[in-house]
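Q: Residue numbers (our numbering): 15 to 257.
(1) On the DSSP bridge list, what partners appear for residue 215?
(2) Hey, quick one: how far does the beta strand (DSSP E) through residue 94 stretch, first residue to last?
(3) Could you check if residue 137 is buried or exposed, using at least 16 other CB atoms within 10 Å of its CB as the buried criterion?
(4) Considering only residues of the same chain and omitting the five flanking positions on each side of residue 142, which have a CB-CB separation below 7 Å?
(5) Classify residue 109 as helix, strand or coil using the three-state DSSP reduction.
(6) Which of the three DSSP states, helix, strand or coil, is assigned to residue 29?
(7) Would a C-beta distance cut-off of 9 Å place residue 219 and residue 34 closer than the cut-off?
(8) Look at the alpha carbon of residue 231 and the alpha carbon of residue 61, and state the distance between them as a whole number of angstroms.
(9) Would you be able to state if there are at least three C-beta pairs under 8 Å between the stretch 146 to 153 and the stretch 92 to 108?
(10) In whole angstroms, what is the alpha-carbon distance linking residue 254 and residue 171?
(11) Distance, Cα to Cα, residue 26 vs residue 222?
(12) Among residues of its own chain, excluding the 5 on either side of residue 11, which ones have a beta-carbon nearer than 6 Å to its beta-carbon?
(13) Could you have a look at residue 56 and say whether DSSP puts it in helix, strand or coil?
(14) Report the CB separation of residue 63 from residue 85 in whole angstroms; it is logged as a contact under 8 Å.
(15) Nearest to residue 88 by CA position, among 158, 194, 22, 57, is which residue?
Have a look at this one:
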């Protein structure tokens, strides 16, 4: 597909399309968002802003359709990076951190201080249990290959608070990746800025500010993907986890 983007930058590490930003919705669905995001990533590579990623890591569930589209366009290897938001005890939506595939949590220091060590530990353990379950279900293994000398790209369907992306980036750093980029079709200004402190660079097509942000608002068609659907998508693609 042809792709037009009025490319702008923030803080020298965030790239976004000004003509796609500050409004919603802009994407039909996750597959369309993946095509558009692939256009932005390709633009950054072609202009020499980014090194061409050799790996695309998608955060399931919603990041899988998006990441597959990007990986195909780049000709990159594809894998899943299973991370889970650490939520407040009274909700399943709002989070104050995330847990990586190795079980290591990252949490907001201010929120953790208010909640106390016991609550934080309990919520992080619950998230880690979900990560273990999904690693087995979606990848069939907890092992990840080392990434010495590799440039990798982490993809999700959106960046809200940014904690899951940060957990993914930190995990890939521990696998010795040389460069780690992050890309998403849509992102909040606050969350994207938070992620940019940890990644080498971040790209979002649709950047939005304001007090209220929902990833879903960027999409005309939106629903949560079940893990069973992700398994079926990966089966159709003939994907198996790299070892």
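Here a beta-carbon is modelled for each residue, glycine too, at the ideal position from N, C-alpha and C.
A: From the atom records:
(1) Counting from 1 along the chain shown, the entry for residue 215 is found at position 201. Paired residues: 195.
(2) Walking along the chain shown from the start, residue 94 turns up at place 80. Per DSSP, the unbroken beta strand (DSSP E) holding residue 94 starts and ends at 91 to 94.
(3) Here residue 137 refers to the residue found at position 123 when the chain shown is read from its first residue. By the 10 Å Cβ count, residue 137 comes out buried.
(4) For the purposes of this step, residue 142 is identified with residue 128 of the chain shown, where counting begins at 1. For residue 142, where only same-chain residues beyond five positions count, the Cβ hits under 7 Å are 113, 117.
(5) Within the chain shown, residue 109 is the residue found at index 95, counting from 1. Annotated three-state conformation of residue 109 is strand, per DSSP.
(6) Position 15 of the chain shown, counted from the start, is the residue given in the question as residue 29. The DSSP-derived three-state label of residue 29 is strand.
(7) Counting from one through the chain shown, the residue named residue 219 turns up at place 205. Counting from one through the chain shown, the residue named residue 34 turns up at place 20. Cβ distance < 9 Å, so residue 219 and residue 34 count as in contact.
(8) Stepping through the chain shown from its first residue, residue 231 is reached at position 217. Stepping through the chain shown from its first residue, residue 61 is reached at position 47. Taking the straight line joining both Cα atoms gives about 30 Å.
(9) Counting Cβ pairs under 8 Å, three or more are found: they touch.
(10) Here residue 254 corresponds to residue number 240 of the chain shown, with the count starting at 1. Here residue 171 corresponds to residue number 157 of the chain shown, with the count starting at 1. If you draw a straight line from the Cα of residue 254 to the Cα of residue 171, it comes to about 21 Å.
(11) Walking along the chain shown from the start, residue 26 turns up at place 12. Walking along the chain shown from the start, residue 222 turns up at place 208. If I take the Cα positions, the gap works out to 18 Å.
(12) Residue 11 lies beyond the stretch modelled for the chain, which goes from 15 to 257, so this question has no answer here.
(13) Taking the chain shown and counting its residues from 1, the one referred to as residue 56 is at position 42. If DSSP states are grouped into helix, strand and coil, residue 56 belongs with the helices.
(14) In the chain shown, counting from the first residue as 1, residue 63 sits at position 49. In the chain shown, counting from the first residue as 1, residue 85 sits at position 71. Incorrect: roughly 19 Å between the Cβ atoms, too far for contact.
(15) Within the chain shown, numbered from 1, the residue matching residue 88 stands at position 74. For the residues 158, 194, 22, 57, the minimum Cα distance to residue 88 belongs to 57.
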